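J.: Residue numbers 1 to 573, in full-length UniProt numbering, belong to the letters of the sequence shown in order.
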Amino acid sequence: MKKLISRLPNLKGYYFLAGMCLIGELIFTLAMAQSLKVLIDSSLMQAQDSFYLYLGILVLTAVFLALCISGQTLSVGKISEAITYTLRKEGTQKLLALPQYKLDKMHSGDSMSKLTNDLQMVSQFLNHDAYLLVSRPLLALVSFVYLLYLNWQLTIISIAVLPLLFSTTFFLGKPISKFSKEQQDELSNMNNTTQDILGGISIVKAFNLEDLMRDKFSKQVETSMNRGIELAKKRAVLESFTVGISFLPFVVTFGLGGYLTVRGSLTPGELLAFINLLNNLTFPLAQLPSHYGSYKASMQGLKRIYDLLNEEDERKNGESFDVKDASTLVEVKNLTFGYDDNSVLKNLSFKVKKGETVALVGSSGSGKSTIFKLLTGFYTNYQGKIDMFEKDIESWNLDKLRSNISTVSQETFLFPTTIRENLTMVCENCTETQLIKAATIANAHEFIKKQPNGYDTVVEEKGDNYSGGQKQRLAIARALLKEPDLLLLDEATSSLDTESEALVQKALDNVLIGSTSIVIAHRLSTIINADRILVLDKGNIVEEGNHKELLNKKGVYHNLYHKQFDSRKGGVA
Ligand SMILES: Nc1ncnc2c1ncn2[C@@H]1O[C@H](COP(=O)(O)OP(=O)(O)OP(=O)(O)O)[C@@H](O)[C@H]1O
1 MKKLISRLPN LKGYYFLAGM CLIGELIFTL AMAQSLKVLI DSSLMQAQDS
51 FYLYLGILVL TAVFLALCIS GQTLSVGKIS EAITYTLRKE GTQKLLALPQ
101 YKLDKMHSGD SMSKLTNDLQ MVSQFLNHDA YLLVSRPLLA LVSFVYLLYL
151 NWQLTIISIA VLPLLFSTTF FLGKPISKFS KEQQDELSNM NNTTQDILGG
201 ISIVKAFNLE DLMRDKFSKQ VETSMNRGIE LAKKRAVLES FTVGISFLPF
251 VVTFGLGGYL TVRGSLTPGE LLAFINLLNN LTFPLAQLPS HYGSYKASMQ
301 GLKRIYDLLN EEDERKNGES FDVKDASTLV EVKNLTFGYD DNSVLKNLSF
351 KVKKGETVAL VGSSGSGKST IFKLLTGFYT NYQGKIDMFE KDIESWNLDK
401 LRSNISTVSQ ETFLFPTTIR ENLTMVCENC TETQLIKAAT IANAHEFIKK
451 QPNGYDTVVE EKGDNYSGGQ KQRLAIARAL LKEPDLLLLD EATSSLDTES
501 EALVQKALDN VLIGSTSIVI AHRLSTIINA DRILVLDKGN IVEEGNHKEL
551 LNKKGVYHNL YHKQFDSRKG GVA
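Here you go:
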């Protein structure tokens, strides 16, 4: 709650309005009871002047009370929307600002759940329960004072059961918080599964995994439903108990109050005012457990949101260096790195000079993509030294460093928008000429032209309406539009058919002319012309040289090359 208060948006006018409306509600509620009292007594005593005066006051009071309540609804709605908006915005910004190694460990479904289910619970609490949780006890307090003024003996006897009401609220309300958290966790698991099913729907269908997924999802739905039912049961017990108890003061008031009225110690007007105000004392208090339950549940949701918001951002410090004069674009010295406890790269050293094409080859899992992640600053817990553009990567501002580098990864991601937007989003004010030039070099212009709306054709989610080769060529065009000083290409031609591979290969050949690049090669035929080839094995560079030199060595590279060459001849590749 403290954290929520510390993040309250600056809406002074609305806080003031809410406060004034609350004070107004308290005053006009008491005024109504007082008017009612005098009105009834005047009518019984046939005091016409006083009757009409208080009838007028009663009507006016009702109008002001209605205005106060509508002011409350407006201000509370505005404040709650502003808080929800702030949390949603900060949550989304946080996801964008987190370091890659933290994102790797999170499930996207869980993060989605925090920004949807949990946030909705907080929003509902703010909209419906938060104000009542503050205003109802105050209303009860002023009513209590007025009741004491009307008849203190009757008041004390009538509300003798209230301590029971409070202790019930406290004890029965405790488990609600635990059940709410479990239900929110379960909702998050369901979100994760939905995300997994939708993300891998083609695999699910191709491997007939529908039943497996359905069962997994059904179990989670069932668990979540059971948690929800448990929660409802706890709330039902709590509420029935408290509502039941809240009737007791009325039984006492009607009995004892009626007796006092008959005896003449209490006027009928006072009795009516008493009952009216007792209503404001007991029923709001009876509703408190429900507001309290909602408070507990929303605090659990809020805790999950704050778990995300409190994660540390990727560092934003560092400098922006001029890279134009750098002659060595990458220099790695004694680099050792592992993700968790397993070591992936061991004491690696290499350099990439301006204008060079350096290829990384090695078996799957040897650490090639990991090197790219380290050169772009995604992971920082390495040993050794990485110089980018002749400056230690740790002194670079990561955004600035990345603005000099373009990466084409194996898994090409396209946004569900037009081809034009997908390509030009990486450069401000790209011209049409630049766009077409990049697409032409990437061997993509011809197929883009044939699309129904050319560059303005909309790409389906994850680029599903394009082949693997077409997506890669679009990704290469996007990388080129950035006009990077260093290109990191994780080419994935091994997954393409021969025709697509030839088209992507042509794109790569075009791209590599005159640029500085590091290429992860899965098909060794793609890097025959590379200036240098680094051969990785189990996180070590075991061979280094150009294609010819490495073949002559008859070592690891020679074996890898012939294995691929022979298997392709046999039609396996
Ligand atoms: N985010 C991660 N968390 C934990 N381990 C990881 C992570 N990413 C990769 N690894 C592990 O690090 C090792 C090297 O992975 P990497 O992706 O760098 O290999 P690679 O040579 O690029 O493989 P491939 O050629 O198949 O793409 C592998 O054992 C892999 O399981």
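Glycine included, every Cβ here is placed at the ideal spot set by N, Cα and C. Owing to the predicted nature of the structure, the values given are computational and were not obtained by experimental measurement.
In angstroms with no decimal places, state the Cα-to-Cα distance between Val572 and Lys563.
T.: Caution applies to Val572, whose pLDDT of 38 falls short of 50 and renders its modelled position unreliable; the value that the coordinates give is listed next. Going by the C-alpha atoms only, they are around 11 Å apart.
J.: Output yes or no for whether 7 Å exceeds the beta carbon distance between Leu488 and Ile518.
T.: Yes, these two residues count as a Cβ contact at 7 Å.
J.: If Phe144 sits next to Leu281, beta carbons under 8 Å apart, how far is it from one beta carbon to the other, in whole angstroms?
T.: With 8 Å as the limit, Phe144 and Leu281 qualify as a contact, their Cβ atoms being about 6 Å apart.
J.: Who's in the neighbourhood of ligand 1, going by beta-carbon under 5 Å from any heavy atom, listed in chain order?
T.: Asp104, Tyr339, Val344, Ser364, Gly365, Ser366, Gly367, Lys368, Ser369 and Thr370
J.: In terms of alpha-carbon separation, which member of Leu87, Lys354, Thr253 and Leu22 lies closest to Ser515?
T.: Lys354
J.: How far does the beta strand (DSSP E) with Met32 in it reach, from first residue to last?
T.: In this chain, Met32 is not harboured by any beta strand (DSSP E); it is covered by the alpha helix (DSSP H) spanning Lys12 to Leu44.
J.: May I ask you to report which of helix, strand or coil DSSP gives His562?
T.: helix
J.: In three-state DSSP terms, what is Lys391?
T.: strand
J.: Under the rule that 16 or more other beta-carbon atoms within 10 Å means buried, what is Tyr292, buried or exposed?
T.: buried
J.: Is it right to say Ser70 is buried, meaning 16 or more other beta carbons lie within 10 angstroms of its own, or is it exposed?
T.: Residue environment: Ser70 is assigned as exposed (fewer than 16 neighbouring CB atoms within 10 Å of its CB, all protein chains considered).
J.: In three-state DSSP terms, what is Val361?
T.: strand
J.: How is Glu543 classed by DSSP in three states: helix, strand or coil?
T.: strand
J.: Can you list the alpha helix (DSSP H) stretches of 4 or more residues lying completely in the stretch 53 to 122, in chain order?
T.: 100 to 105 and 108 to 113
J.: Which residue marks the beginning of the beta strand (DSSP E) containing Lys216, and which one marks its end?
T.: Per DSSP, Lys216 belongs to no beta strand (DSSP E); it is in the alpha helix (DSSP H), Glu210 to Val252.
J.: Please specify which runs of the beta strand (DSSP E), each continuous and at least 3 residues long, are wholly inside the stretch 287 to 350, giving them in chain order.
T.: 328 to 338
J.: Using only the alpha-carbon positions, how far apart do Ile203 and Leu209 sit?
T.: 8 Å
J.: Among Gln383, Val332, Asn342 and Val361, whose alpha-carbon lies nearest the alpha-carbon of Val352?
T.: The shortest Cα separation from Val352 among Gln383, Val332, Asn342 and Val361 belongs to Val332.
J.: Below 7 Å between beta carbons: does that hold for Ala507 and Ile476?
T.: yes
J.: Using a Cβ distance threshold of 8 Å, determine whether the stretch 114 to 123 contacts the stretch 87 to 100, with at least three qualifying pairs required.
T.: Taking 8 Å as the limit for Cβ pairs, the verdict is that the stretch 87 to 100 does touch the stretch 114 to 123.
J.: For the pair the stretch 329 to 347 and the stretch 407 to 421, tell me if three or more CB-CB distances fall below 8 Å.
T.: no
J.: Could you name the residues that DSSP lists as bridge partners for Ile386?
T.: Val332
J.: I'd like to know if the stretch 456 to 463 and the stretch 416 to 425 are in contact, where contact means that at least 3 CB-CB pairs between them fall below 8 Å.
T.: yes
J.: Specify the secondary structure class of Ser525 as computed by DSSP and reduced to three states.
T.: helix
J.: Spatial neighbours of Ser42 within its chain, please: CB distance less than 6 Å, with the 5 preceding and 5 following residues excluded, ordered by chain position.
T.: Ser50 and Phe51.
J.: Leaving out five residues on either side along the sequence, give the residues of the same chain with a beta carbon under 6 Å from the beta carbon of Ala438.
T.: Cβ within range, chain order: Ala477, Leu480 and Leu481.
J.: To the nearest angstrom, how far is it from the Cα of Leu44 to the Cα of Val262?
T.: 14 Å
J.: Ignore the nearest five residues each way along the sequence and tell me which others in Gln120's own chain have a CB closer than 7 Å to its CB.
T.: none
J.: Helix or strand or just coil, what does DSSP make of residue 580?
T.: This structure leaves residue 580 out entirely; the chain is present only between 1 and 573.
J.: Less than 7 Å between the C-beta atoms of Leu30 and Tyr146, yes or no?
T.: yes
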